[in-house]
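Those letters in the sequence shown? Residues -24 to -1, 1 to 224, by mature numbering (1 follows the signal peptide of the UniProt record, and there is no 0).
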Amino acid sequence: MNRSAPLPLATFLAILLLVGFAQAENVDEAALLKKFDGTGIQVYRLEEKLYVSLHNKFGLPMEIAAEDLALLAEVGPIETILIGTEAQLTGDDYAFLAKLKSVNRLAISGYRGDCGALLRHVGRCPGLQSFSLFAMDLKVADIAQLNDAAAITELSLCCKRLTPAHYSEVRNLKLPLESLLLSDFSSQGPSLNELSPLMELHNLKLLELRANALSPEESAQVAEALPECDVRLSSNQWRENFSRFERR
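Put into structure tokens, the structure is as follows:
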């Protein structure tokens, strides 16, 4: 099925940092943006698509009201939502996602709440195709809830520590995954044995993770197990991996 490619996340972040938030060019969009003045929510257009950012370029904590999040359902078909650490949303704060049927990309950075509660709401985005999560504490049992977002093809998970059980649970997801990025705070990354569940994901086109502990021979074994996949066992920092979530 053909679909337009969403704007790469790295490009999206660069635009936010370099040129700030776009302003509307007509009366209707000016009124739309004005509705969110002072709420901490930025709504704007890029390449004729609606984007939402809950992001503070100064890194200051934000207080965002539930009623303001609910207003997002009124602004039209939103394609991408970027939520930064400073938004301080947790758990049921994400209930607003259920009403945003057009969202196909969601990126959440620096999440410190209950991932189980968060992913329950993420699963209510029927059109979600790309999902990025950097969370401090991602429990193995939380991962299965991503199955409710059955259209996800691109997944990035970064957390404090990924265990062999995390890799097995990702392998068990019933999603049409094509792109998978996994990273944690460890200096070495997984062993070949710990990675073995991911070597069964034969539909992947991109697999990227930090695997400094692998020898060249072991890295070759991973690549051989996934001959149709671009395997990138890099030593890049997890922040860089997260920002480069989507590659084409």
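Yeah, the Cβ is synthetic: ideal placement off N, Cα and C, and Gly gets one too.
One or two residues paired with residue i in a DSSP bridge
i: THR56; result: TYR27 and ARG81
i: GLU184; result: LEU157 and ARG208
i: ALA201; result: DSSP lists no partner for ALA201.
i: ALA141; result: Per DSSP, none; premise fails for ALA141.
i: LEU76; result: In the DSSP output, where bridge partners are listed per residue, LEU76 has none listed.
i: TYR87; result: ALA111
For residue i, the first and last residue of its enclosing alpha helix (DSSP H)
i: ALA42; result: 42 to 46
i: ARG96; result: 91 to 98
i: ALA117; result: 116 to 119
i: VAL51; result: Neither: VAL51 is in no alpha helix (DSSP H) and is coded neither H nor E.
i: LEU168; result: 168 to 171
Through-space distance from residue j to residue i, alpha-carbon basis
i: LEU185; j: LEU202; result: 14 Å
i: PRO173; j: TYR143; result: 6 Å
i: PRO166; j: LYS10; result: 48 Å
i: LEU209; j: PRO37; result: 35 Å
i: ALA117; j: ASN148; result: 12 Å
i: ARG88; j: CYS134; result: 12 Å
i: ASN169; j: ASP160; result: 17 Å
i: GLN18; j: SER132; result: 24 Å
i: SER163; j: GLU23; result: 39 Å
i: ASP113; j: GLY86; result: 10 Å
i: LEU122; j: LEU158; result: 15 Å
i: ARG96; j: PHE12; result: 26 Å
i: GLU194; j: HIS178; result: 18 Å
i: VAL198; j: LEU138; result: 18 Å
i: TYR70; j: LYS115; result: 18 Å
N-terminal and C-terminal residue of the beta strand (DSSP E) that residue i is part of
i: GLU130; result: 130 to 135
i: GLN18; result: 18 to 22
i: SER191; result: Neither: SER191 is in no beta strand (DSSP E) and is coded neither H nor E.
i: PHE107; result: 106 to 111
Cβ pair residue i, residue j closer than 8 Å
i: GLY16; j: LEU30; result: yes
i: ALA126; j: LEU151; result: yes
i: CYS91; j: ALA120; result: no
i: LEU82; j: ILE54; result: no
i: ALA93; j: LYS75; result: no
i: ALA41; j: PHE72; result: no
i: GLN105; j: GLU145; result: no
i: GLY60; j: ASN32; result: yes
i: ILE171; j: ASP206; result: Here the sequence assigns Leu to residue 171, which means Ile is not the residue at that position. No, they are not a contact pair.
i: LYS77; j: GLY99; result: no
i: LEU180; j: LEU156; result: yes
i: ILE84; j: LEU109; result: yes
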